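Residue numbering for the sequence shown follows numbering that gives the first Met the number 0, beginning at 0 and increasing consecutively. Each remark here refers to the structure printed beneath this line.
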Amino acid sequence: MMDVNYTGVFMTCASAARAMFKWNAGRRDGAMVVIASMSGSVANKGLVCPVYNSSKAALLQLTRNLAMEWSAKGRESKNGLGGIRVNSLSPGHILTPMVKRNFEEVPGLREKWERENMMGRLSTPEEFKGAGLFLLSKASSFMTGSNLIIDGGHTAW
């Protein structure tokens with residue numbers, strides 16, 4: 000699990016950063032979003048998944064470190080440009096085909112997860128488009144090393 004959830008993400012980020020630095024070359028800033036999970040911030044009540052949660056927590060720290068290393072200041076840019084802003088997006092429970100199969104196998108799981116957030120429902124993949132666009136756009140131009148949690152309030156209580 001760590002190979003996919005952490006090492007794979009790190010290698011993808013590093014590869015993307017090499018290309019971004021090559022083509023941007025100090026002319027403008029770039030932005031990158033790491034997909035983490037609310038599970039990197041909390042222990043999921045009733046779920047025994049320490050390796051999954053640890054892999055997602057590792058992504059939060061990876062985000063902070065890459066933001067520091069790849070910022071214009073971290074790269075000692077002369078004009079303050081050419082860095083990469085790195086932020087993470089942490090979804091809560093999402094209603095995906097895989098999750099739907101889990102609900103078929105575990106009676107009552109959907110209702111349990113819906114009760115565990117303030118919205119009383121699960122999210123859909125489409126609900127994360129706006130957040131992704133925000134994190135990659137100039138609307139978040141002064142945001143780096145941060146984690147945006149979109150979980151219906153799950154981690155707030």
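Note that CB positions come from ideal geometry on N, CA and C, so glycine has one too. What you are looking at is a predicted structure, and each value in this text was computed from that prediction instead of being measured.
Minimum C-alpha distance to residue i - residue among the options
i, options, result
"L88", "E110, K137, A130, V8", "A130"
"K99", "L134, L121, R27, N43", "L121"
"M67", "A57, G144, R17", "G144"
"G107", "E75, W69, G45, Y51", "G45"
"N146", "V32, S136, T6", "V32"
"M0", "M10, C12, V50, F9", "V50"
"S140", "G119, A155, A71", "A71"
"R74", "I148, W156, A16", "A16"
"T6", "A56, W69, K21, S136", "A56"
Which residues DSSP lists as bridging residue i, in chain order
i, result
"N86", "V32"
"G146", "The sequence given here places Asn at residue 146; Gly does not occur at that position. Looking at the DSSP assignment, N146 forms a beta bridge with S87."
"S122", "I93"
Contact belief for residue i with residue j at Cβ below 8 Å, rounded distance in angstroms
i, j, result
"H142", "I83", "Here the sequence assigns Met to residue 142, which means His is not the residue at that position. Their Cβ separation, rounded to whole angstroms, is 13 Å, which puts M142 and I83 out of contact at 8 Å."
"S54", "N4", "4 Å"
"N116", "D150", "6 Å"
"F127", "L61", "About 19 Å separates the two Cβ atoms, so there is no contact after all."
"N43", "N52", "7 Å"
"M118", "G152", "6 Å"
Check whether residue i and residue j have beta carbons under 9 Å apart
i, j, result
"L134", "N86", "yes"
"G81", "R114", "no"
"A30", "L58", "no"
Is there contact between the stretch 93-106 and the stretch 33-45, where contact requires at least three CB pairs shorter than 8 Å? Contact annotation: the stretch 93-106 does not touch the stretch 33-45, with fewer than three C-beta pairs closer than 8 Å.
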